[in-house]
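**Student:**
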Amino acid sequence: MTDYNGHGTAVASVAGGIKQGVASEANLVIVKFRNAAANAQVGVNQLRGVTAAALRDAWDYSVNDVIRRRNGGDTGKFVINMSYGE
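At position 14 of the sequence shown (counting the first as 1) the number is 35 in the numbering used here, and the numbers step up by one without a gap.
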């Protein structure tokens with residue numbers, strides 16, 4: 022998984038970084054819902070915009086993951102953070 026601008030990685034490290042994260046013992050589940058497309062004119066990948074469908078799919082996946090874990094006996098706390106910096 023590539024984080025082209027580093028935003029998602031930075032947010033995740035603040036939340037669950039091993040040494041200085043707010044919740045250093047948290048288990049993070051990474052859900053990527055934004056991708057990049059090759060741009061032949063400039064020879065690099067450029068980030069695509071975020072669609073409503075991609076946001077909805079990411080949200081549904083995240084909520085269903087929490088439900089699955091709860092049904093499996095996980096009694097921990099869950100936080101869903103959606104971060105999609107420009």
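Positions of the beta carbon are idealized from the N, C-alpha and C atoms, including for glycine.
1. Let me know if G29 comes out buried or exposed under the rule of 16 or more other beta-carbons within 10 Å of its beta-carbon.
2. Please work out which residues of its chain come closer than 7 angstroms, Cβ to Cβ, to V52, disregarding the five sequence neighbours upstream and downstream, and give them in chain order.
3. My understanding is that A36 touches G27, with C-beta atoms under 8 angstroms, so please give their C-beta distance in whole angstroms.
4. So V32 and N102 are in contact, right, with Cβ under 8 angstroms, and what is the actual spacing, rounded?
5. For L113, which three-state DSSP category applies?
6. Here's the rule I'm using: 16 or more other beta-carbon atoms within 10 Å means buried, otherwise exposed. How should R55 be labelled?
**Tutor:** Once the coordinates are examined:
1. Sequence index remark: in the sequence shown, residue 29 carries index 8 (1-based). G29 is buried by the Cβ-count criterion.
2. Translated into the one-based positions of the sequence shown, residue 52 becomes position 31. Excluding sequence neighbours, V52 sits near A79, Y82 and S83.
3. Reading the sequence shown from its first residue, position 15 is the one you call residue 36. Reading the sequence shown from its first residue, position 6 is the one you call residue 27. About 15 angstroms; that fails the 8 angstroms criterion.
4. Position 11 of the sequence shown, counting from 1, holds the residue named residue 32. Position 81 of the sequence shown, counting from 1, holds the residue named residue 102. Going by Cβ atoms, the distance from V32 to N102 rounds to 7 angstroms, so yes, they are a contact pair.
5. Beyond the ends of the chain as shown, which are 22 and 107, falls residue 113; an answer cannot be given.
6. Taking the first residue of the sequence shown as position 1, residue 55 is located at position 34. Buried is the call here.
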